[in-house]
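See below for the structure under consideration.
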């Protein structure tokens, strides 16, 4: 991973994803691109002629410039290569555009409009339509070391295989890697990808991994994975996003939805 894209937005979760993006860029010797998308799409009830909105535009623009100046001043003191990109319009659209030539996109888990708890519609759109893996950062995260243990959620699917492949630069630096399988009552498919193949794939990259079979607890698969991650001291969780149709799962897959609602550790997602 040589190109990391950071969602640079003036919100109360920026600091956590900023620190994580800096940590990852340092450890991977990657270039960090900060993408700031400024939107003037503000709805004001009763403003039929757009008078209030026209007055708000320079305020929004000045706030964006102030935010950029402060972050660039901090970046100038960091030991990472970086650049700033500024666009005007729809946030998700530009993030998708820039993600097409990024190796990793760093975003926050929970949107402020949902009271600080996810799942985030922005993350959902990027996971489904984006062409780069996502690093989803919990709101209270202060940094990320890639040298600790890592847990990979494995459910024998193409999504988990893609996530595993995307995570190789992370896993190569981990002190230990576990492929976790949660026992569920369902019939195997002839197209299932057994975890041993995942272990063999990692071995070809010089990464030693173990297979761990977990018994699902009373709170479900997501809680079982988080419990296993905590027990192993995992610094992040790798998983495939949205194993089922987004429409059938009401915009988010079951396990993915639960983990994105209030993640206890960073999530590396790939669809």
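Residue numbers (the working numbering): 5 to 275.
Where is the CB? At the ideal position from N, CA and C, for every residue including glycine.
{"Query": "Host beta strand (DSSP E) of residue 146 (start-end)", "Result": "From DSSP, residue 146 is part of no beta strand (DSSP E); its letter is neither H nor E."}
{"Query": "CB-CB length for residue 245 against residue 275, believed under 8 Å", "Result": "5 Å"}
{"Query": "Straight-line Cα distance separating residue 71 from residue 243", "Result": "33 Å"}
{"Query": "Inter-residue spacing [alpha-carbon to alpha-carbon] between residue 241 and residue 169", "Result": "14 Å"}
{"Query": "Nearest-angstrom Cα separation, counted from residue 230 out to residue 176", "Result": "22 Å"}
{"Query": "Closer than 7 Å: residue 88 CB and nearest the ligand PLP heavy atom", "Result": "The ligand PLP is not part of this structure, which contains no ligands at all."}
{"Query": "Backbone secondary structure at residue 89 - three-state DSSP", "Result": "strand"}
{"Query": "Minimum C-alpha distance to residue 96 - residue among 83, 125, 108 and 8", "Result": "125"}
{"Query": "Cβ-based burial, residue 11 [other Cβ within 10 Å; buried from 16]", "Result": "buried"}
{"Query": "Beta-carbon spacing of residue 17, residue 112 below 8 Å", "Result": "yes"}
{"Query": "Residues that residue 20 bridges to, as DSSP identifies them", "Result": "Partner(s): none; residue 20 has no beta bridge."}
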